[in-house]
Amino acid sequence: MAARTPYFSLHEIALLSLCGALIVVLNTTFSLPLKIPGHSGIYWVVPVIVGVGIVKKPGAGTYIGLISGILATFFGLNTLHLFNLLIYLALGGVVDLAGLLFLYRLDNPAAGFVAGAAGNLAKMVVNYLLQTFLGIPAAFIVIGIGIASVTHLVFGGLGGVIAALVLRSLLKAGVITRDRA
Amino acid sequence: MKLLSRVVLACLLFGCFLVGMGALEMFGPALFPQPVRDETPGALLDEVFTKAGFLYGPQSWRPGYDPIGISPGKEVAEGDAWYLMFIDLNTTPVSGNPNVKQLGSVRIRYNFTELSGRAAFHVYGLTTGTTATRTNRQIGTKNCGFMVTGTAPEGGVMPAATPLTFPSSHQYRITLSNSLFSDTDNLTAGTCSFRFIQPGAGQGALHLTPNLSQPMGGITETTDQGGIFYVTATGANAGNNLILLAAVDRPQPDGFALRVRSEFVRTT
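Chains as they are written, first to last, in the numbering used here: chain A, 1 to 181; chain Z, 182 to 449.
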């Protein structure tokens, strides 16, 4: 009887898990004093897009989101605790969708921008929904939501461009190939 | 569909999303009116405290990672015997990026009746998660405090006061003096927690000032038995609620009263 082939290979699982852990490490280590909402998107979308761009399978981003969400919950990165899972899953899931939309050509800076911006905006939307769910009055949440959306888009997009350039460098160096990880 | 077409499609979706969020920001205040926190327009706290409100003391220090002095600008003086009262102001100053927040300070109106000796005010900002409780800096540059001196004769004992214990965990459980025993079924008073992580943590985020044009304040000493001062905030996190510490340096007469009113004052 033939052995059942797992959806993700061992090295894909290892790579995606490392990307998930890297998000938490970046979030813990980097603290840019910008005081602009969503600015952290410039670095935390990078591992997700790089992971999805290398593995090129539906669910890769969601898996990275799951790992980083679990780690963020355990390490208590913010006050949302278990709800961090939803934020990171949304981020990963949306990057997955962007990967499907662009047929995993995430090494293209334009595609990277869209993927990063969409991921960072998904994180923002889930964050606001959670705050509403947790009882914060909508009157306070909508203050500055328009500007916050723009900054999330810009910083997430810039992170996506960085990820695309990283993927392009890996392709050029022959570390990864365009058709297969 | 070509890659460029997909990018254009995604940009169109982003545009729709941003327009939606912009509309939400523009019409949000009309759609979601701000909740009223207090029946009294303007004042978020308006309460009169008597000498029975001093629940802590006599002691020479106030809560911090290490004990902090109470007399504004001074270190802990062993001979001092202050009596402490913690008051929930039901509001907090807001600092940060003025483009994304409505910044503001807290205006405190105080009125003493029969104050004996010195009364010092300090503030604590309650935080959540791993963030240290905020307070005004006691010593060094940009330190601040507010002190009022009264001339009433010294009183007898302070009936409700017992010294606060210094916890080795640097976490304090504080009983508030607002509407003591407001829960009449269980006769419980309101409490809050102060949490300090490392020496100096949380100091300097909040400031006391008599004038908003000098938001860092400095040390103010006055003999006016009634007046106004402001609590301002700098930094990203001023805390989510403000606790006022009122301390007096000797037992107060039976006629002592302190009326405190707090209001949020928008600065942007």
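The beta-carbon is built from N, C-alpha and C at its ideal position, and this holds for glycine as well.
Worksheet item: CB-CB under 7 Å to histidine 81 (chain A), same chain, minus the five flanking residues each way: which ones, in chain order?
Response: For the purposes of this step, residue 81 (chain A) is taken as residue 81 along the first sequence, with counting starting at 1. Excluding residues within five positions, the ones whose Cβ falls inside 7 Å are Thr73.
Fill in: From Z:Ser297, Z:Val329 and Z:Phe230, residue whose alpha carbon lies closest to that of isoleucine 400 (chain Z)
By one-based count along the second sequence, residue 400 (chain Z) stands at place 219. Closest option to isoleucine 400 (chain Z), Cα to Cα, is Z:Val329.
Worksheet item: How close, in whole Å, do the beta carbons of leucine 91 (chain A) and leucine 130 (chain A) come, if the pair is a contact with beta carbons under 8 Å?
Response: For the purposes of this step, residue 91 (chain A) is identified with residue 91 of the first sequence, where counting begins at 1. For the purposes of this step, residue 130 (chain A) is identified with residue 130 of the first sequence, where counting begins at 1. Contact between leucine 91 (chain A) and leucine 130 (chain A) is ruled out by a C-beta separation of about 13 Å, above the 8 Å threshold.
Discussion item. Under 8 Å, Cβ to Cβ, is there at least one residue of chain Z near glycine 146 (chain A)?
Written reply: As a working mapping, residue 146 (chain A) is identified with position 146 in the first sequence. Yes, its Cβ sits closer than 8 Å to a Cβ of chain Z.
Worksheet item: Hey, does arginine 105 (chain A) have any beta-carbon neighbour from chain Z nearer than 8 Å?
Response: Residue mapping note: residue 105 (chain A) aligns to position 105 of the first sequence, counting from 1. Using a CB distance cut-off of 8 Å, arginine 105 (chain A) counts as an interface residue toward chain Z.
Worksheet item: Can a CB atom of chain Z be found closer than 8 Å to the CB of serine 149 (chain A)?
Response: As a working mapping, residue 149 (chain A) is identified with position 149 in the first sequence. So, interface residue.
Discussion item. Can you find the residues in the same chain that come closer than 6 Å, C-beta to C-beta, to glycine 298 (chain Z), ignoring five residues on each side of it along the sequence?
Written reply: Your numbering for residue 298 (chain Z) matches position 117 in the second sequence. Asp430 and Arg431.
Worksheet entry | Cα-Cα separation, threonine 448 (chain Z) to leucine 393 (chain Z) | Along the second sequence, one-based indexing puts residue 448 (chain Z) at 267. Along the second sequence, one-based indexing puts residue 393 (chain Z) at 212. If you take the alpha carbons of threonine 448 (chain Z) and leucine 393 (chain Z), they lie about 9 Å apart.
Worksheet item: Are the CB atoms of threonine 45 (chain A) and cysteine 19 (chain A) nearer to each other than 8 Å?
Response: The residue given as residue 45 (chain A) occupies position 45 in the first sequence. The residue given as residue 19 (chain A) occupies position 19 in the first sequence. Looking at the sequence itself, residue 45 (chain A) is valine, so the reference to threonine does not match. Against a cut-off of 8 Å, the Cβ pair of cysteine 19 (chain A) and valine 45 (chain A) comes out as no contact.
Worksheet item: What's the gap between the Cα of valine 114 (chain A) and the Cα of asparagine 422 (chain Z)?
Response: Residue 114 (chain A) sits at position 114 when you count from the first residue of the first sequence. Residue 422 (chain Z) sits at position 241 when you count from the first residue of the second sequence. Spanning the two alpha carbons is a distance of roughly 39 Å.
Discussion item. Count Cβ pairs between the segment 52-68 of chain A and the segment 141-151 of chain A that sit closer than 8 Å; are there 3 or more?
Written reply: Here the segment 52-68 of chain A does not lie against the segment 141-151 of chain A, with fewer than 3 beta-carbon pairs under 8 Å apart.
Worksheet item: With a cut-off of 8 Å, does the C-beta of phenylalanine 198 (chain Z) fall near any C-beta of chain A?
Response: In the second sequence, counting from the first residue as 1, residue 198 (chain Z) sits at position 17. Interface residue, yes.
Discussion item. Is there a C-beta anywhere in chain A that falls below 8 Å from the one on alanine 438 (chain Z)?
Written reply: Within the second sequence, the letter at position 257 stands for residue 438 (chain Z). No, its Cβ sits nowhere closer than 8 Å to a Cβ of chain A.
Worksheet item: Does the distance from the CB of tyrosine 264 (chain Z) to the CB of threonine 343 (chain Z) come in under 8 Å?
Response: Taking the second sequence and counting its residues from 1, the one referred to as residue 264 (chain Z) is at position 83. Taking the second sequence and counting its residues from 1, the one referred to as residue 343 (chain Z) is at position 162. Taking 8 Å as the Cβ cut-off, tyrosine 264 (chain Z) and threonine 343 (chain Z) do not qualify as a contacting pair.
Practice prompt. Identify the contact partners of valine 142 (chain A) in chain Z, using a Cβ-Cβ distance below 7 Å as the criterion.
Written response: Locating residue 142 (chain A) in the first sequence gives position 142, counting from the first residue. Contacts between valine 142 (chain A) and chain Z, judged by CB atoms closer than 7 Å, involve Leu205, Glu206, Gly209 and Phe213 in chain order.
Discussion item. Which complete alpha helix (DSSP H) runs does the segment 13-45 of chain A hold, if anything under 4 residues is left out?
Written reply: Counting only runs of 4 or more residues that sit fully inside the segment 13-45 of chain A, the alpha helix (DSSP H) segments are 41-44, in chain order.
Worksheet entry | Beta-carbon gap between threonine 132 (chain A) and proline 37 (chain A) smaller than 8 Å | In the first sequence, the residue the question calls residue 132 (chain A) occupies position 132. In the first sequence, the residue the question calls residue 37 (chain A) occupies position 37. For the 8 Å CB-CB criterion, threonine 132 (chain A) and proline 37 (chain A) do not form a contact.
Worksheet item: Going by C-alpha distance, which of Z:Thr332, Z:Pro340 and Z:Gly371 is nearest threonine 403 (chain Z)?
Response: Within the second sequence, the letter at position 222 stands for residue 403 (chain Z). Taking only the C-alpha atoms, the option nearest threonine 403 (chain Z) is Z:Thr332.
Worksheet item: Name the chain A residues that come within less than 7 Å of alanine 382 (chain Z), Cβ to Cβ?
Response: Position 201 of the second sequence, counted from the first residue, corresponds to residue 382 (chain Z). Correct list: empty, because the minimum Cβ distance to chain A is about 16 Å.
Item to complete: Could you give the DSSP three-state label for tyrosine 291 (chain Z): helix, strand or coil?
Response: Start at 1 with the first residue of the second sequence, and residue 291 (chain Z) comes out as number 110. In the structure shown, tyrosine 291 (chain Z) sits in a strand (DSSP, three-state: E or B).
Worksheet item: Quick one: Cα of leucine 426 (chain Z) to Cα of leucine 284 (chain Z), how far?
Response: Position 245 of the second sequence, counting from 1, holds the residue named residue 426 (chain Z). Position 103 of the second sequence, counting from 1, holds the residue named residue 284 (chain Z). Whole-angstrom Cα-Cα distance: 23 Å.
Worksheet entry | Proximal residues, the segment 16-48 of chain A versus chain Z, C-beta separation under 8 Å | The residues in question are Lys35, Ile36 and Pro37.
Fill in: Residue range of the alpha helix (DSSP H) that includes valine 94 (chain A)
Start at 1 with the first residue of the first sequence, and residue 94 (chain A) comes out as number 94. First-last of the alpha helix (DSSP H) with valine 94 (chain A): 84-101.
Worksheet item: If we call anything under 8 Å between Cβ atoms a contact, is alanine 301 (chain Z) one with alanine 428 (chain Z)?
Response: The sequence position of residue 301 (chain Z) within the second sequence is 120, counting from 1. The sequence position of residue 428 (chain Z) within the second sequence is 247, counting from 1. In this structure, alanine 301 (chain Z) sits near alanine 428 (chain Z), with a CB-CB distance shorter than 8 Å.
Discussion item. Using only the alpha-carbon positions, how far apart do tyrosine 128 (chain A) and lysine 183 (chain Z) sit?
Written reply: The residue labelled residue 128 (chain A) in the question sits at position 128 within the first sequence. The residue labelled residue 183 (chain Z) in the question sits at position 2 within the second sequence. Between the alpha carbons of tyrosine 128 (chain A) and lysine 183 (chain Z) lies a distance of about 34 Å.
Discussion item. Measuring only the C-alpha atoms, how far is alanine 138 (chain A) from valine 126 (chain A)?
Written reply: Taking the first sequence and counting its residues from 1, one reaches residue 138 (chain A) at position 138. Taking the first sequence and counting its residues from 1, one reaches residue 126 (chain A) at position 126. The C-alpha of alanine 138 (chain A) lies about 14 Å from the C-alpha of valine 126 (chain A).
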